[in-house]
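Novice:
Chains as they are written, first to last, in the numbering used here: chain A, 1314 to 1478; chain B, 1314 to 1478; chain C, -5 to 79; chain D, -5 to 79.
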């Protein structure tokens, strides 16, 4: 089950959702807001989602993981709205009989969530600028969006390694 | 930090121990008692450790992970004593700036813990037998240990895939 | 170039595109045949920064292909590069 | 075969070996030169099932090598195949 959450992601119900008597292994991942990105101090971060499609695609990713790997249950959630440093942005939990499958499926789900779900991250930096971070395929560019003399100008900033968590 | 625990492993303090403002990714693993192993219904399970060496070696494994991977913090714990189905036998938590490192280090720590720490598992089955499960290198054999006519006999049983979690 | 009649579609904007358009959604009358034509039409009108090659597109809450036809009453979302997680 | 004098070592048994020995620990006098010789001596005396090749060994709470010498007052643990996790 995949869900979008407007408030703090509580990990324990998601973890509980994957528990099973047959499960010998549970792997979890959480992506959190860091205090730095690309070397810049982050003061604020918010996620916006195209909710209908993000939830649908999130459930497709989980169904794919259940199909591809020998796992028992999987659950994931993604935050929307304003987050502060240390907040959980995304959480994934997978149970399996054996650890190999649990690790691989957990990794698959977080990778596909980041790659495919229509969710966008806006970072605001202590030095004032703000950016919609664009990490499609993790090789693209972030477009820095700055109000400038009454019209929009777009300054291209490298979305380097550091936009990945 | 690695510790042996004689009572329930509480995950939240271990997870909290790896939190850090620089951490964008936390990966956790827990190994739990399954209701079946190698196709046999497990009624009871206990872990015995050579405590002094297990704790020392557990901390060596964590130090190695901190050395090999670009991670921030790592913590792990292993149960000893009697466990029941669903109980957490081992828990690992790792934080890193990026998820690749968090996953790899978490996997490294659980693999090395299972391979190197002097900890032994005794499974008792619903059908009555009990076994010290031997999974060294995951290719060895389990020696079934049965009290038999006043002396010990040793019946070799395959410790197959299913002894891994 | 389209020889289609006029259609009315509902467009929802997210993230960078919402900022650039200054709106979260709007109804548009268009004669564009394909989703790609429609995006380029709106892009040139509002000076969107992202070329179609960097975008994805969804119709009626499912991902679609840029060469798909535009149908009357479609709900269309142009999807800028995503950055979840 | 050893030409050593007699040493007294303290042996702790775990898991299968503790079951087979019926003891958790004991003091042993031995003339064995190496840890491997010592294990084989005790193995044949008590009919342990595991050959030295399947075991590891620790001395004074550190892993050791089978060819290491046995020293008086060593605390020795023969480590059966492990199965943590």
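Positions of the beta carbon are idealized from the N, C-alpha and C atoms, including for glycine.
Excluding sequence positions up to five away, which residues of its chain have a Cβ less than 7 angstroms from the Cβ of residue 1366 of chain B?
Specialist: Hits under 7 angstroms: 1431.
Novice: In the structure shown, what three-state DSSP assignment does residue 1462 of chain B receive?
Specialist: In this predicted model, residue 1462 of chain B has a pLDDT of only 32, less than 50, meaning its place in the structure is not dependable; the value taken from the coordinates is given anyway. Three-state result, residue 1462 of chain B: coil.
Novice: So residue 1446 of chain A contacts chain C; which residues on that side make the cut at Cβ distance below 8 angstroms?
Specialist: Under the 8 angstroms cutoff, chain C gives 77.
Novice: If you run the structure through DSSP and keep just helix, strand and coil, what is residue 8 of chain D?
Specialist: Coil at residue 8 of chain D, not helix or strand.
Novice: Skipping 5 residues on each side, what residues in its chain have a beta carbon closer than 6 angstroms to that of residue 1400 of chain B?
Specialist: If we look at residue 1400 of chain B and ignore the five residues flanking it on each side, its Cβ neighbours are 1346.
Novice: Could you run through the stretch 1338 to 1355 of chain A and flag, in chain order, every residue whose CB is less than 9 angstroms away from some CB of chain B?
Specialist: Taking 9 angstroms as the Cβ-Cβ cut-off against chain B, the residues of the stretch 1338 to 1355 of chain A that qualify are 1338, 1339, 1340, 1341, 1342, 1343, 1344, 1345, 1346, 1347, 1348, 1349, 1350.
Novice: So, for residue 1319 of chain B: in the same chain, excluding its five sequence neighbours on each side, which residues have a beta-carbon less than 8 angstroms away from its beta-carbon?
Specialist: For residue 1319 of chain B, where only same-chain residues beyond five positions count, the Cβ hits under 8 angstroms are 1392, 1393, 1394.
Novice: Residues of chain A with CB closer than 9 angstroms to the CB of residue 1336 of chain B, please, in chain order.
Specialist: Here the neighbours are 1345, 1347, 1399, 1478.
Novice: Is the beta carbon of residue 1372 of chain B less than 9 angstroms from the beta carbon of residue 1335 of chain A?
Specialist: Contact flag unset, no.
Novice: Could you tell me the distance, in whole angstroms, from the CA atom of residue 11 of chain D to the CA atom of residue 25 of chain D?
Specialist: Going from the Cα of residue 11 of chain D to the Cα of residue 25 of chain D covers about 21 angstroms.
Novice: Report the residue ranges of all beta strand (DSSP E) runs contained in full by the stretch 1401 to 1441 of chain B; include only those spanning at least 3 residues, in chain order.
Specialist: With a minimum length of 3 residues, the continuous beta strand (DSSP E) runs that stay inside the stretch 1401 to 1441 of chain B are 1401 to 1409, 1432 to 1438.
Novice: Would residue 1362 of chain A pass as a contact of residue 78 of chain C if the rule is Cβ separation under 9 angstroms?
Specialist: For residue 1362 of chain A and residue 78 of chain C, yes; Cβs fall inside 9 angstroms.
Novice: Is the CB of residue 1361 of chain A under 9 angstroms away from at least one CB in chain C?
Specialist: Taking Cβ atoms only, chain C reaches closer than 9 angstroms to residue 1361 of chain A, which makes this a yes.
Novice: Which value, in whole angstroms, describes the spacing of the CA atoms of residue 35 of chain C and residue 1327 of chain B?
Specialist: If you take the alpha carbons of residue 35 of chain C and residue 1327 of chain B, they lie about 55 angstroms apart.
Novice: The ligand COA and residue 1420 of chain B: does any heavy atom of the ligand fall closer than 8 angstroms to the residue's C-beta?
Specialist: Questions concerning the ligand COA fall outside what the structure shown contains, since it holds no ligand whatsoever.
Novice: Please give me, in chain order, every unbroken run of the beta strand (DSSP E) with length at least 3 that falls completely inside the stretch 20 to 61 of chain D.
Specialist: Counting whole runs of 3 or more residues, the stretch 20 to 61 of chain D contains the beta strand (DSSP E) stretches 50 to 53, 56 to 58.
Novice: What ranges does the beta strand (DSSP E) occupy inside the stretch 1339 to 1410 of chain A, keeping only unbroken runs of at least 3 residues that lie completely in it?
Specialist: Whole beta strand (DSSP E) segments, 3+ residues: 1353 to 1362, 1384 to 1392, 1394 to 1396, 1401 to 1409.
Novice: What separation, rounded to the nearest whole angstrom, lies between the Cα atoms of residue 37 of chain D and residue 43 of chain D?
Specialist: Distance between the alpha carbons of residue 37 of chain D and residue 43 of chain D: 8 angstroms.
Novice: From A:1440, A:1444, A:1439, A:1423, pick the residue whose C-alpha is nearest to that of residue 1433 of chain A; which is it?
Specialist: Ranking the options by Cα distance to residue 1433 of chain A, first place goes to A:1444.
Novice: Along chain B, which residues have their Cβ under 9 angstroms away from the Cβ of residue 1315 of chain A?
Specialist: The premise fails here: residue 1315 of chain A is roughly 18 angstroms from chain B at the closest Cβ pair, so nothing lies under 9 angstroms.
Novice: Taking the CB atoms as reference points, tell me whether residue 1479 of chain A and residue 1403 of chain A lie closer together than 9 angstroms.
Specialist: The question about residue 1479 of chain A has no answer, for chain A in this structure spans 1314 to 1478.
Novice: At least one CB of chain C closer than 9 angstroms to the CB of residue 1402 of chain A: is that the case?
Specialist: Yes, because at least one Cβ of chain C sits closer than 9 angstroms to the Cβ of residue 1402 of chain A.
Novice: Starting from the beta carbon of residue 1416 of chain A, find every residue of chain B whose beta carbon is closer than 7 angstroms, and list them in chain order.
Specialist: Chain B residues near residue 1416 of chain A: 1416, 1420.
Novice: Of the choices B:1359, B:1377, B:1412, B:1352, whose alpha-carbon is the least far from that of residue 1424 of chain B?
Specialist: Nearest C-alpha to residue 1424 of chain B: B:1377.
Novice: May I ask you to list the residues that DSSP assigns as paired with residue 2 of chain C?
Specialist: Looking at the DSSP assignment, residue 2 of chain C forms a beta bridge with C:23.
Novice: With 16 as the cutoff for other CB atoms within 10 Å, does residue 1411 of chain B come out buried or exposed?
Specialist: Buried, by the Cβ-count rule.
Novice: Taking all protein chains shown into account, do 16 or more other C-beta atoms lie within 10 angstroms of the C-beta of residue 1415 of chain B, making it buried, or fewer, making it exposed?
Specialist: It is buried - the Cβ of residue 1415 of chain B has at least 16 other Cβ atoms within 10 Å.
Novice: Residue 1332 of chain A touches chain B at which residues, Cβ-Cβ below 9 angstroms?
Specialist: Simply 1345, 1399.
Novice: Between residue 1369 of chain B and chain D, is the shortest Cβ-Cβ distance under 9 angstroms, so that the two count as touching?
Specialist: Yes - at least one Cβ of chain D is within 9 angstroms of the one on residue 1369 of chain B.
Novice: Measure the C-alpha to C-alpha separation of residue 1321 of chain A and residue 1390 of chain A and round it to an integer number of angstroms.
Specialist: Each residue's Cα considered, the two are about 10 angstroms apart.
Novice: If you reduce the DSSP assignment to three classes, tell me which class residue 63 of chain D lands in.
Specialist: Here residue 63 of chain D sits in strand by DSSP.
Novice: How many Å lie between residue 1364 of chain A and residue 1317 of chain A at the Cα?
Specialist: If I take the Cα positions, the gap works out to 7 angstroms.
Novice: Using C-beta distances below 6 angstroms, list every residue in its chain close to residue 1375 of chain A, excluding the 5 sequence neighbours before and after it, in chain order.
Specialist: So the list reads 1315, 1387, once near-sequence residues are dropped.
Novice: What number of angstroms, rounded off, separates the C-alpha of residue 20 of chain D from the C-alpha of residue 4 of chain D?
Specialist: Each residue's alpha carbon lies about 6 angstroms from the other.
Novice: Where residue 1264 of chain A and residue 1440 of chain A are concerned, what is the direct C-alpha to C-alpha distance, given to the nearest angstrom?
Specialist: Here chain A covers residues 1314 to 1478 and nothing more, so residue 1264 of chain A does not appear.
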